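Letter by letter, the sequence shown follows residues 5 to 122 of our numbering. Written out below as structure tokens is the structure these notes cover.
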Amino acid sequence: MVTLVIDVDIIQDVETFLRNLNGRELLSYAICNEECGAETYEWLAERVGGSVAEEFKRLAAEKRKHALRMRELFERAYPGMKPTKFNAPPWMPCPSAGRCSRWRTSRRPSPWPSSPRR
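Spelled out as structure tokens, the structure:
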């Protein structure tokens, strides 16, 4: 059996980081997040076979579509500018962190509300 451990402290750092970005930077981060997700699914597809590999390829293609749509939005919103490159963890796990806090190893209290902020 595999035990999942989620480091909520890292997720909290990402949340703080994102709160300090402006609109252009947030959209840039979203583009990088989708592209990184596509690369992750492609990497996984190379390491497994059969229907699982096909599903990872499908998910990668979806991520590429999302990144393209966001790039088009970026170009309309910020003509002549290029998205900022980010090397940051993905945002995806953050909304579920509160539910996953029982797996934490840190003694700090969970920074997450019971429902995602809007």
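Ideal Cβ placement from N, Cα and C applies to all residues, glycine included. Keep in mind that this is a model prediction, so the values were computed, not measured.
According to DSSP, simplified to helix, strand and coil, what is Val6? coil
By Cβ distance, which residues of its chain are closer than 8 Å to Lys61, with the 5 residues on each side in sequence left out? Tyr45, Glu46, Ala49
Buried or exposed for Val12, please, with buried defined as at least 16 other CB atoms from any protein chain shown within 10 angstroms of its CB. buried
Assigned exposure category for Asn24 - 16 Cβ within 10 Å defines buried: exposed
Quick test of your reading: Cys36 and Lys89, contact by CB under 8 Å. State the CB separation rounded to the nearest angstrom. 7 Å
If you follow the alpha helix (DSSP H) that Phe60 is part of, which residue opens it and which one closes it? 54 to 81
Classify Glu38 as buried or exposed, calling it buried when 16 or more other Cβ atoms lie within 10 Å of its own Cβ. buried
Helix, strand or coil at Gly84 [DSSP, three-state]: coil
Does Leu77 pass the burial test, meaning 16 or more other C-beta atoms within 10 Å, or should it be called exposed? exposed
Would Asn64 and Ala42 be called neighbours here (beta carbons separated by less than 8 Å)? First, the amino acid is wrong: residue 64 is Ala here, not Asn. In this structure, Ala42 lies closer than 8 Å to Ala64 by Cβ.
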